[in-house]
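Each residue of the sequence shown is one higher than the one before, starting from 2 at the first, in our numbering.
Beta carbons are placed, not taken as given, at the ideal position from N, Cα and C, and that holds for glycine.
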Amino acid sequence: MTHLFSRRGLLGTGLGVGLAAGVGTPARAEPAASGTPIAILDTTVIDGTGAPPQRRMTVVVDGGRIAAVGPARETRVPSAAAVIDGRRRFVIPGLVDMHVHSSGDEAIDPPLYVVNGVTTVREMSGHPALHDLRRRVDAGMLPGPRSVIASPVLDGSPSLLAGRGVPYLDVADAGEARAAVKRAAVDGADFVKVYTRLSAESYAAIADETRRVGLDFAGHCPDDVPVTVASDVGQRSFEHLFTVWCSTSADEDSIRRALRAIRIEPGDADGWFRAIHPLELRAARTFDDRRAAHVFHRLARNDSHLTPTLTMHRVVDLPASVDTDDERLRYVPAEVRAAWEAGLAGLAGLAGPAGLGRGGRTAQDAELFGHRQRFVRAAAAAEVPLLAGTDTGSAYCFPGFSLHDELELLVRAGLSPMRVLLAATRDPMQYLGLGSGTVRPGGLADLVVLDADPLRDIRNTRRVHAVITRGTLIDAARRDAMLAEVEQAARSSSAVIHSCPCG
Ligand SMILES: [Zn+2]
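Have a look at this one:
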């Protein structure tokens, strides 16, 4: 969502970069053959079911599946197995980032995900380069995560995304909405992405048409549709915390009137942000426990998931908190870095609510971000299913690395480390229909071996010792090599920023 705030659109920069660069170039860092069994000996398993950690266990992986998980003394290890010393280490299921916008540059995003233990991603704005990339990753031609890919973003008309390099379709009415859903199905989208400025009429048509063609829909809660209504008609996940909390406000009626009155020019995302910002603050300040209980109950009952993307919100709410010398910037091409800097400057320059200068904005935004964290904690306490997602492609949101930031922010919001791990493993894998997302025999061989206990301190998920992705081992030496290659690729990237042809 941060793409809203730069001239080119930050999301657009992520999407556009490298679309032309990757295709046809030889894959670097060829993955090792996945035929070799792997054994992690005498380790602690946090199996992703929510059960307490199991100590002194051995995990055996073979043929892309988990072959055995058992007590170290009793579990047979194949003689040909590659062995990892698991003592003082912790095994968790492969991590999932449920909100990414990858560039399609095979040399940057896919390796960054897997070296960080992110073995599955959900792509939130589909374009042909992502489908091409997935075919090659799935064929074992290069390392990368499993991916589930959205349609182009379906927005209302005029769209916030016009001219911003993001693959989108603006739909003016129910007829156009149905046509867009049919086209998404034909084009092979895994689900339909809905967006902010859809009218209630177009939105209802999307809900109906997706059911007909057998696709899910997920994305933003449109300004024009209360989250409870969207949940009832089947939106499977709600991304970000922009209008979701209008429905938990004691002031909902007047906030809805103000939302309906927002008018924007095509591509005027900054104008939308200026309009929405004071409404968000009002909604947050008038959060009502009784209304919230009702809303959260509906979401939980409908199995509607919430992806808070606190990582993105922190950048947008608190641009001054961003470390512009972040060492992870070495993995970001110069063109993208420049666009991020411009975007950050734009964010800092947004005046915020009418009548309040920049000085006022800082205090208000710190307050707003605090409200976001409390909202997430309240939703979690009410058993709303949560998903960990970051919004890579937006400014200062790093593929792979930032998922660990999100986990930390969710714990700081008041969730337990175990709950947060589940929101990044079992729950998203089951949401996506990709398996159990657990360390159990028969499960997918997507695992992360950590050097320290993530339940003691969630920041320990960053201490990745090794990753197993589809049964292939990425050990410490290979991780280092892959990171060095990404750094080199970012330095020599001739990526140009341009509009995706599928808009
Ligand atoms: Zn997004």
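For the region 144-154 and the region 124-135, state whether three or more C-beta atom pairs, one from each stretch, are separated by less than 8 Å.
yes
Is there contact between the region 43-62 and the region 432-441, where contact requires at least three CB pairs shorter than 8 Å?
yes
Distance, Cα to Cα, ALA130 vs ARG212?
27 Å
Determine the contact status of PRO223 and ARG257, defining contact as a CB-CB distance below 8 Å.
no
Between the region 373-391 and the region 234-252, do three or more beta carbon pairs fall short of 8 Å?
yes
Could you tell me if the beta carbon of ASP392 falls within a distance shorter than 7 Å of some heavy atom in ligand 1?
yes
DSSP state of GLU124, grouped into three classes?
strand
Can you give me the C-alpha to C-alpha distance between ASP171 and PRO159, rounded to a whole angstrom?
7 Å
Quick one: is GLN236 buried, meaning 16 or more other Cβ sit within 10 Å of its Cβ, or exposed?
buried
Candidates ALA73, ASP98, VAL323 and ARG460: closest to MET430 by CA position:
ASP98
How many angstroms separate the CA atom of LEU319 from the CA atom of GLU407?
15 Å
Hey, is GLU407 close to ligand 1, as in C-beta under 7 Å from one of its heavy atoms?
no
Measuring only the C-alpha atoms, how far is ARG264 from HIS278?
14 Å
Which partner residues does GLN55 have in the DSSP bridge list?
VAL46
Should GLU177 be listed as close to ligand 1, given that the test is whether its C-beta is under 7 Å from any heavy atom?
no
Supposed close pair PRO386, HIS314 - CB separation, criterion 8 Å:
PRO386 to HIS314, Cβ: 19 Å. No contact.
For ASP86, I'd like the list of residues in its chain whose CB is within less than 7 Å of its CB, leaving aside the five on either flank, ordered along the chain.
LEU42
If you drop the 5 nearest sequence neighbours on each side, which residues of the same chain put their C-beta closer than 7 Å to that of ASP366?
ASP318 and LEU319
Helix, strand or coil, according to DSSP, for GLU486 in the structure here?
helix
For PRO519 and ALA173, I'd like the C-alpha separation in whole angstroms.
Given that the chain is displayed from residue 2 to residue 504, the structure contains no residue 519 and the question cannot be resolved.
Cβ of VAL240 versus every heavy atom of ligand 1: is any distance shorter than 7 Å?
In the sequence on display, residue 240 carries Glu and not Val. Answer for GLU240: yes, Cβ within range of ligand 1.
Could you tell me the distance, in whole angstroms, from the CA atom of SER80 to the CA atom of ASP139?
28 Å
Tell me whether MET125 counts as near ligand 1, meaning its Cβ is closer than 7 Å to at least one heavy atom of that ligand.
yes
Would you call GLU75 buried or exposed, if buried means 16 or more other Cβ atoms sit within 10 Å of its Cβ?
exposed
Using beta-carbon positions only, say whether VAL61 and ALA69 come within less than 8 Å of one another.
yes
Do you know offhand how far ARG463's Cα is from LEU451's?
8 Å
Buried or exposed: which applies to GLY344, given that a residue is buried once 16 or more other Cβ atoms fall within 10 Å of its Cβ?
buried
With H, G and I counted as helix, E and B as strand and the rest as coil, what does DSSP make of ILE109?
coil
Using DSSP's beta-bridge definition, name the partner residues of ALA151.
PHE192
Beta-carbon within less than 7 Å of LEU416's beta-carbon, same chain only, minus the 5 sequence neighbours each way: which residues are those?
ARG378 and ALA381
Considering only their Cβ atoms, is the gap separating ALA383 from LEU404 smaller than 8 Å?
no
Within 8 Å, strictly: CB atoms of VAL412 and ILE469:
no
CA-to-CA distance, LEU162 to ALA231, given in whole angstroms:
22 Å
With a threshold of 7 Å, establish whether the CB of HIS100 neighbours any heavy atom of ligand 1.
yes
If you follow the beta strand (DSSP E) that TYR169 is in, where does it begin and where does it stop?
169-171
Pick helix, strand or coil for MET313, following the three-state DSSP scheme.
helix
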